[in-house]
Every structure is written in structure tokens, then in C-alpha cells.
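Peer 1: Chains as they are written, first to last, in UniProt numbering: chain A, 1 to 93; chain B, 1 to 182.
Glycine is no exception: its CB is placed at the ideal position from the N, C-alpha and C atoms.
All figures in this text were calculated on a predicted structure; none of them were measured in a lab.
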Amino acid sequence: MIPTSIEEIFLLAAALFVLLAIMMFYRAVAGPTTQDRLLAVNVLGTNTVVILALLAAGLDEPWFLDIALIYALLNFLMAVAISKFTVERGGVL
Amino acid sequence: MSAVAYTLVVFILLAAVATALFRDVLSAIVVFGAYSLGMAILYTYLLAPDVAMTEAAIGAGVTTILLLLTIARTTRPSTDRLFERVHLPAVVVVGAFVLVLFTLLPDMYAVGDPDAPIWGGGVLAETPSVYYVQNTFADTGAQNAVSAVLASYRGFDTFGEAVVVFAAGVAVLLVLKREVFT
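1) Determine whether the Cβ of residue 11 of chain B lies closer than 8 Å to any Cβ atom of chain A.
2) Can you tell which of A/74, A/75, A/87 and A/71 has the C-alpha that lies nearest to the C-alpha of residue 72 of chain B?
3) Starting from the Cα of residue 54 of chain B, find the closest Cα among B/161, B/40 and B/7 and give me that residue.
4) Taking 7 Å as the cut-off, is the beta-carbon of residue 64 of chain B closer than that to any non-hydrogen atom of the ligand NAP?
5) Quick one: what's residue 22 of chain B bridged to in DSSP?
6) Enumerate in chain order the residues of its own chain whose CB-to-CB distance from residue 41 of chain A is below 7 Å, with the five nearest sequence positions on each side excluded.
7) May I ask which residues mark the beginning and end of the alpha helix (DSSP H) holding residue 33 of chain A?
8) Any C-beta of chain A sitting closer than 8 Å to the C-beta of residue 4 of chain B?
9) Between the stretch 25 to 44 of chain B and chain A, which residues of the former have a C-beta closer than 7 Å to a C-beta of the latter?
10) Using the three-state DSSP reduction, which class does residue 119 of chain B fall into: helix, strand or coil?
11) So, residue 71 of chain A versus residue 34 of chain B, is the Cβ gap smaller than 8 Å?
12) Report the residues of the stretch 55 to 66 of chain A with a CB closer than 9 Å to any CB of chain B, ordered along the chain.
13) Using alpha carbons as the reference points, say which of A/46, A/8 and A/5 lies closest to residue 75 of chain A.
14) My understanding is that residue 42 of chain B touches residue 8 of chain B, with C-beta atoms under 8 Å, so please give their C-beta distance in whole angstroms.
15) Can you check whether the CB of residue 4 of chain B is closer than 8 Å to the CB of residue 11 of chain A?
16) Which value, in whole angstroms, describes the spacing of the CA atoms of residue 133 of chain B and residue 165 of chain B?
17) Excluding the 5 residues flanking residue 185 of chain B on each side, which residues of the same chain have their C-beta closer than 6 Å to its C-beta?
18) Under 8 Å Cβ-Cβ, which residues of chain A neighbour residue 48 of chain B?
19) Below 8 Å on the Cβ atoms is my guess for residue 51 of chain A versus residue 17 of chain A; work out the distance and round it to an integer in Å.
20) Residue 10 of chain A versus chain B: which residues are under 7 Å apart at the beta carbon?
21) Please state if the CB of residue 83 of chain A and the CB of residue 44 of chain A are separated by a distance shorter than 8 Å.
22) Closer than 7 Å by C-beta to residue 126 of chain B: which residues in its own chain qualify, once you throw out the five before and the five after it? Chain order, please.
23) Can you find a C-beta in chain B that's less than 8 Å from the C-beta of residue 23 of chain A?
24) Using DSSP with H/G/I as helix, E/B as strand and the rest coil, what is residue 143 of chain B?
25) Beta-carbon of residue 53 of chain B versus every beta-carbon of chain A: anything under 8 Å?
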């Protein structure tokens, strides 16, 4: 499949980023400690924001960027909550 | 379905299976976050940004914190192995359920099919939004088209939702052995 327009290049890049997400998922499953898994999922979250931005450009739907923004904010919240839980054993909020 | 969708589906399947099989609950919660990320991208790709936004807010934020609060009040067994043993009867039941769902698949329109009712194909002469704007008052007598859809066109659906929420509330009160929410 050879991309013929800039939109197709964006979509192809998004597909490659999803492939990277699968590779990162290996670390999320195998990673011996919870910290490894947390870091892997955090990278996956950043990856998601990039994929959503690429989809917004590739499919020409600028409002997808809103979802990317929400994800950027809440992914951080998830990382903080799990970190706090592993350190304090029960303190989440 | 393009390259993005196929790789996404593989990713989501991997994440779901890993979430189900992890023996350590905390690891399962972390991997469930990854599953939610994949679902949000898939919803966005299938042009359902409202669902994707809900998935982003509930899946990444609220669910994780609720599950963490829950396991903070329980004890976790110390684990020697990474994955749970696969429970064969459960696999059979889930497999049968998936088969039933797959038999319904041919009846659905493909994504972007111009004959789908949402684009004005099938039984409707125009797209549903045009139909609702033109006929809501004549059909239901309601001034507000949104209320008409919620309470009249899909009234049984809304009724079912209300029953589910009511049953969930009663169940929570029963479990907590209380009579009112305080």
C-alpha cells in the first residue's frame, strides 16, 4: 500500500504508532514490577494522544483533538493515582 | 477497515486477554488502562467521538481510581506466578456468547455504507436527523426534539435504563445494609 496523499501518510503513521503500542504492551504484560507496567501504560497514553492527533489530521476531523486533550489530562491522573497507591498502600486520592 | 483498525483490534484483544488472566490485581488494573486507551482510539476511528470522550474520562480516570480504592480495602494474595490458570467452562461460555454475537454481524451495515439508514437509505426517505426535525411535533406532540427521542421514540430503551439504574441503587443499599443514601 503506497500512500498517495498527505492524509494517507498520516493514517499510515497512525497505524505504525499502534504497532509501537503493541510493542510497548509487551512491557506492560511482562514487566517484572508494577513500576515497569505503570511506565509502559503511561507511554501508551502519550502514544494514544499522538495517534488521536494523527487521526484528526488524517481523517480531517479537527474535533478529535478534544479527545486527545482529555486523554492527556486523565492519563496523568491515572499514573499519579497508581503511583500514590503503590507508595502509600491504600492512599489513592 | 484499514491498517489502523486492524492493528488496533489486535492490540485491544491482547489487552483484554491479559487483563482477564493476570493473577496480580494491581497489574490487571494497569493493563486495563491500556485496554481503555485502545478502545478510545477505536471509537474515535469509527467516528463516535462522544463515546470516545466518555471512554477517555471513565476508562482512564474514574475506573482506575474506583478499582484502586476497592483493592485498597481488600487483601491481595502474594503471587508466585504471573497468570491465572485458564478456567475451561468459562472459556466455553464466553466462546458461545461470541459465536452468537458473530451470527448477528452480517445483519449490520459496514462502516460508511451509503445504504445505511443513518445516511438516508433503507426505510427512511431522508437522514434520521432531518426526519426528527420535520416530524417530531406531528408524531409525539413534544416541543423539544431531544426529549421526544428520549421519552417517546426510544421510550422503552429509556425505561430499561431507568430500571437498571434503580436496580443498581437498590443492590448497593442492600450490600451496604442501609436504607437511604447518605
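Peer 2: Here's the rundown:
1) yes
2) A/87
3) B/40
4) You won't find the ligand NAP in this model; it holds no ligand whatsoever.
5) B/83
6) 28
7) Segment: none, residue 33 of chain A is in no alpha helix (DSSP H) and carries neither H nor E.
8) yes
9) 26, 27, 30, 31, 33, 34, 37, 40, 41 and 44
10) helix
11) no
12) 55, 56, 58, 59, 61, 63, 64 and 66
13) A/46
14) 5 Å
15) yes
16) 30 Å
17) No statement about residue 185 of chain B is possible, as the shown extent of chain B runs from 1 to 182 and does not include it.
18) Per Cβ cutoff of 8 Å: no residues; residue 48 of chain B is ~10 Å from chain A at best.
19) 5 Å
20) Result: empty, since nearest Cβ-Cβ is about 10 Å, beyond 7 Å.
21) no
22) 120
23) no
24) coil
25) yes
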